[in-house]
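Protein chains: 4
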Amino acid sequence: MINVAVFGYGYWGPNMVRNFYANKDAKIVWVCDLNKNRLGLVQAGYPSIKTTSDPKDIMNDSQVDAVVISTPVSAHFPLAQEALEKGKHVLLEKPMTTTVEEAEKLVELAGKKKKTLMVDHTFLYTGAVRKMRELVDSGELGDIYYFDSVRVNLGLFQHDVNVIWDLAPHDFSIMDYLLQKDPEAVSAVGACHLGDLENIAYVTVQYPGNLLGHLHVNWLAPVKVRTTLIGGTKKMIVYDDNQPSEKVKIYDKGVSYSQSKEDVYHMLVQYRSGDMLCPKLEPTEALRLVSKEFTDSISQNRKPLTDGVAGLRVVRLLESSNQSIKQKGKVIKL
Amino acid sequence: MINVAVFGYGYWGPNMVRNFYANKDAKIVWVCDLNKNRLGLVQAGYPSIKTTSDPKDIMNDSQVDAVVISTPVSAHFPLAQEALEKGKHVLLEKPMTTTVEEAEKLVELAGKKKKTLMVDHTFLYTGAVRKMRELVDSGELGDIYYFDSVRVNLGLFQHDVNVIWDLAPHDFSIMDYLLQKDPEAVSAVGACHLGDLENIAYVTVQYPGNLLGHLHVNWLAPVKVRTTLIGGTKKMIVYDDNQPSEKVKIYDKGVSYSQSKEDVYHMLVQYRSGDMLCPKLEPTEALRLVSKEFTDSISQNRKPLTDGVAGLRVVRLLESSNQSIKQKGKVIKL
Amino acid sequence: MINVAVFGYGYWGPNMVRNFYANKDAKIVWVCDLNKNRLGLVQAGYPSIKTTSDPKDIMNDSQVDAVVISTPVSAHFPLAQEALEKGKHVLLEKPMTTTVEEAEKLVELAGKKKKTLMVDHTFLYTGAVRKMRELVDSGELGDIYYFDSVRVNLGLFQHDVNVIWDLAPHDFSIMDYLLQKDPEAVSAVGACHLGDLENIAYVTVQYPGNLLGHLHVNWLAPVKVRTTLIGGTKKMIVYDDNQPSEKVKIYDKGVSYSQSKEDVYHMLVQYRSGDMLCPKLEPTEALRLVSKEFTDSISQNRKPLTDGVAGLRVVRLLESSNQSIKQKGKVIKL
Amino acid sequence: MINVAVFGYGYWGPNMVRNFYANKDAKIVWVCDLNKNRLGLVQAGYPSIKTTSDPKDIMNDSQVDAVVISTPVSAHFPLAQEALEKGKHVLLEKPMTTTVEEAEKLVELAGKKKKTLMVDHTFLYTGAVRKMRELVDSGELGDIYYFDSVRVNLGLFQHDVNVIWDLAPHDFSIMDYLLQKDPEAVSAVGACHLGDLENIAYVTVQYPGNLLGHLHVNWLAPVKVRTTLIGGTKKMIVYDDNQPSEKVKIYDKGVSYSQSKEDVYHMLVQYRSGDMLCPKLEPTEALRLVSKEFTDSISQNRKPLTDGVAGLRVVRLLESSNQSIKQKGKVIKL
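As you go down the protein sequences, you meet chains A, B, C and D in turn.
Here my numbering is used: the first residue of the first sequence is 1, the next is one more, and so on.
Here my numbering is used: the first residue of the second sequence is 335, the next is one more, and so on.
Here my numbering is used: the first residue of the third sequence is 669, the next is one more, and so on.
Here my numbering is used: the first residue of the fourth sequence is 1003, the next is one more, and so on.
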């Protein structure tokens, strides 16, 4: 049994508590939040869990094996650092930290302390993304040409971070997970139409070998769009997270190309169009699997699927995008 | 009656001939094409039209008042230049020329010769784009925040131009027509996955005052998408050219924002969501209106809606995008 | 303050309790359910509410002004009858009763006892249906030609009632509310593909003056469809309850027709196609308004919007449909 | 080489001429139409084809092996009868005739004369319908539970036939082709909202063994719908002819059912939900295959796929539907 404490019972914390409460390998002993009203909700729903507004109660409790940090991102680093130093395993909400430097320190510290450091890149635990990874790993897609994601809608302006820090962690983590490559350069352009935080941004990520990643994130769109296109040499995917079912469509479409001299004046390109398959997806709630992966990786003394290094890679893309946006789209080498 | 000659009877030429044939203010006297089989089709369908493979027959025919040039783009400049010098009006297929320099020369020459120089930016004559321009001009949208266009599908790789020269003229001309502003900078990233012409590209256009334009053009996508999002301070538009009807949807949605100090900790942003209207669109074939605009502007001795300067603006965006793409996304100041 | 008791805490009961709990004119004093586990849930969530498995506790409690009956339909009649006789107001889940005879008895009894008898036709309290009723009442639709509804999906076979009793009460109540006419005849055809309850049925309702109503209800369909078409002389509606927003679309389309002798050989019919409008809908939860209508109608001593007679009209359509289905589609006069 | 004459060059005739012109086993020798202007179009497009307004020119031309009849339906029977009597093969536009009696006479006459009698049920030659038939024949769907078709839109009121004679031949022919069973009873309800021809109708067809067919045909709908649902014991189909591609979707969904006594109170029904497949469809133009089937069946001296008996089955459903509609939905036994 792993004794767990949860920091932060705001937007995402209750989901964390609900899923760790249902995890038979975990026992939630503490929930910490600065807001007493939020703690009241914990007491009503989970009388067995102790509550506190003082992180020290948790840090100093040697019964606590692991902490889940779902506070605002600015508190991620100090809480995680202290918890690791106290010998506790750490699961961090995304984005992992506010800077690459902080993320690197946590990775290093976790290594030194031999503790699990995991980031909650929730989407990687959905049936849709897992199915897409299967298609990549099995070679069914072939080599990937591009990853193009649109995540836009009206609403939920954040007060502390811009649209990239708010929405792009989802797309960056999915892209990182599917492409499994190190990017070479990032550029981003955005605009602040209300206040001084970007509410729209376009991010381009260049990978070796002509592989392109691209994101459109936008808080000011007339309709909600959650669509990713992935082009491969053999097959292509449309992933539409707005669909209640039929989220992933696999198109057996492609192009073959002949470069021989003669063909230049004849038929250069041949199109292939076959079936479209919409596979059944595993319906388990993603956060249930996040919780399980955290406790399993602790028990089995192994790296979790979304470890600190994965979190660091995403923070690096976020930080670089924001550097580029401040320089009006300058290409940032990685 | 305006006597017209048409150069090029390939992909678009037959549509030009059909529409000028139906234009009661025009008479087609010549069609020129290097391919004799194509000319045979003209003779079968339009016995009254003379055909030739030699442009000189047209250039030297003083009966010809105006020429329509729907050849491959590389022939646009020499044919248009010669026709203008011979005192003929010119309608050019898009894109107008292969370089800004050529476009500038034609604009200058047409001015000197006092002849009509028009570019066939067909989309501007569709009911959908005309309706959107109305919404802009009436102030119904308010100020525009961004113009975001996706034009992707599988197929029709070109052998002579990349995906930007092939597809982006549509979006650039629509964006130029609706925004009515001069861009400040352009950047583009693309990739050549088959051969040495880019088959996917992302183009960002920065305008004064935080206005952003963005295009995704792609020959290698699993599905056909033709969607433009336009965000305004008062209303927003989704323009989906794939829809058989209901192409333009106007959302009465928006955000109002308070910057007062106190509000920072209370309610910064208020969302508004009202009706969505899908207006009836004028169904007249766009090319019919292109033909009419050409002959009307000649008869009335006025500038056409899509004059040489409009064509030049689009070529400038195309050229800059390609400069940027060759420098891996470097921002090009205009 | 109206003291309320709720019978049945199964599928719909918890929603009733939640909404009456939030209704400031009502106080829930009892919840009754035969299943002790269900009552445990009430105690945990609402410590102030008394629970019982014996309906007599409620019937004999003179503090109870009104009862809400959300039990299986077979218990509706005896519970409602006893409550009315004890001088209590009654809100019944749909369908009101299992037979027309029972419904008529309750209507009569409520009249004699001068108590409110209301049926929870929830859909009539949604923003979508209220908007459509507005369009009918304002004359915007013109005269109605037909009401066509499809309510199909895979799943949720019931063990006690067929697909008509399960799904058609929704469509019948909406149709009755919008058309505001008495039907003349009903016919229905169905089939039992699994077991001996119909899992698919088509119901046709004939109204005076060429007005047609039609339902397709189906438990065995590959996709979920919730679409109603309403044709009027002036405008037409597509109501798609599957849409997260944009549920009601109003088409300014129509046909005008000339019957003059000459026209027979010329132009008989003229089509009109104008804008489509998707109005903003009131987002209040329907069941909140059901609860409010029940307490308001009691306080104001007036008939509720969905009174016993409305419930009776729906039961009459259900009963007739089932008579017809047993006679393989015979037309049943009403 | 089969010498062919075509009667009727109105709406469908030009498509027939174009496809038979391209059929290398056929030679069109005559086109007959009462309207001289229409014949002018034939002469312009096909100088090698003779034209006439007098059917006798064709009937008496012993060079003519076969006739294609695409006139208004009232002329189908007399023309087909005379052509068969003159020893010519006959291809009839749908619907085959205006009465069952006429259809039966033609079938008998063709048998006596040993001539091919074929009906142009075009849809059966589309890639979509052929694919669905494959799925039925291979057993992939299992036994069929129901066939449900909606074919509605605004427009094209006919002056001579009601909406059933206009639209239902498509659905009846597809249903007949896929189900391969003889119906037991037909009922239909409709309404005449403009003039005295039904513009909306619902038709129910009862087959042995609980198999149901149902059609909704409507000239007065706000949107165009062309959707067929087919439920089978193993798989289910959504066929949406409005889709430019992805017309046929095969759902691996189903229900299994246990009738054992104990299960009644436990788990009666189990749902299964698997992949959805959207197969690539053969893109050949259907009418090209109609033309080929006609000449092949003549050359090979065999019955065509859509022979006179298939045409007769469709006319029987049309006639019965109209009998029922005149009796306000009375069930007509077949």
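Each residue gets a CB set at the ideal place from its N, CA and C atoms; glycine is no exception.
State yes or no: is the C-beta of residue i within less than 8 Å of the C-beta of residue j?
i                : j                : result
G213 of chain A  : V205 of chain A  : yes
L154 of chain A  : Y605 of chain B  : yes
S1322 of chain D : V1188 of chain D : yes
L469 of chain B  : I336 of chain B  : no
A743 of chain C  : L759 of chain C  : no
P389 of chain B  : F341 of chain B  : yes
V923 of chain C  : M764 of chain C  : no
L1181 of chain D : M1134 of chain D : no
V42 of chain A   : T52 of chain A   : no
V290 of chain A  : D120 of chain A  : yes
V1102 of chain D : L1314 of chain D : yes
K1038 of chain D : M1061 of chain D : no
Got a sec, what are the start and stop residues for the beta strand (DSSP E) residue i sits in?
i               : result
H548 of chain B : 546-552
A66 of chain A  : 66-69
Y870 of chain C : 868-874
Within a Cβ cutoff of 7 Å, which residues of the same chain sit near residue i, ignoring the five residues on either side of it in sequence?
i                : result
D943 of chain C  : D920
E950 of chain C  : G795, R798
W680 of chain C  : S738, E761
R560 of chain B  : R485, D574, D575, N576
V598 of chain B  : Any answer about V598 of chain B is weak, because its pLDDT of 45 lies below 50 and its placement is not dependable; what the coordinates show is given next. Cβ neighbours of V598 of chain B beyond the five flanking positions: none.
K247 of chain A  : A128, Y239, D240, D241, L281
P1171 of chain D : K1096, P1097, V1316, L1320
W290 of chain B  : Any question about residue 290 of chain B goes unanswered here, given that chain B covers just 335 to 668.
M1084 of chain D : The sequence shown places Glu at residue 1084 of chain D, rather than the Met named in the question. Answer for E1084 of chain D: M1061, listed in chain order.
Can you pull the DSSP bridge partners for residue i?
i                : result
I383 of chain B  : For I383 of chain B, which the question treats as bridged, DSSP gives no partner whatsoever.
G900 of chain C  : C:I812
N671 of chain C  : C:K695
A188 of chain A  : A:V203
G1256 of chain D : D:R1274
I905 of chain C  : C:I898, C:I918
K1001 of chain C : C:A853
L488 of chain B  : B:L554
V1227 of chain D : D:V1154
L611 of chain B  : B:I584, C:L945
With a threshold of 6 Å on Cβ separation, who are the neighbours of residue i within its own chain once the five nearest residues in sequence on each side are excluded?
i                : result
G149 of chain A  : Per the sequence presented here, residue 149 of chain A reads as Ser, with Gly not at that position. Contacts found: D171, L215, T228.
A26 of chain A   : I2, V4, F20, T295
L1081 of chain D : F1009, I1071
A620 of chain B  : T456, Y459, T460
M175 of chain A  : F147, G213
Just to confirm the assignment, what range does the alpha helix (DSSP H) spanning residue i have?
i               : result
S291 of chain A : 286-299
D510 of chain B : 497-513
D57 of chain A  : 55-59
Spatial neighbours of residue i within its chain, please: C-beta separation below 8 Å, excluding the five flanking residues on both sides.
i                : result
L752 of chain C  : V758, L774, L777, A778, K781, K783, L785
E518 of chain B  : Q540, Y541, P542, K667, L668
Y813 of chain C  : N878, L879, L880, G899, G900, T901
V829 of chain C  : V741, L865
N1324 of chain D : N1164, I1166, W1167, A1190
- Within the segment 14-40 of chain A, note down every full alpha helix (DSSP H) run reaching 4 residues or more, in order along the chain. Complete alpha helix (DSSP H) runs here, min 4: none at all.
- Entirely enclosed alpha helix (DSSP H) segments - the segment 301-326 of chain A, minimum 4 residues: Listed in chain order, the complete alpha helix (DSSP H) runs (minimum 4 residues) inside the segment 301-326 of chain A are 308-326.
- Fully enclosed by the segment 1079-1154 of chain D, which alpha helix (DSSP H) runs are 4 residues long or longer? Restricted to the segment 1079-1154 of chain D, the alpha helix (DSSP H) segments that are unbroken, complete and at least 4 residues in length are 1102-1115, 1129-1139, listed in chain order.
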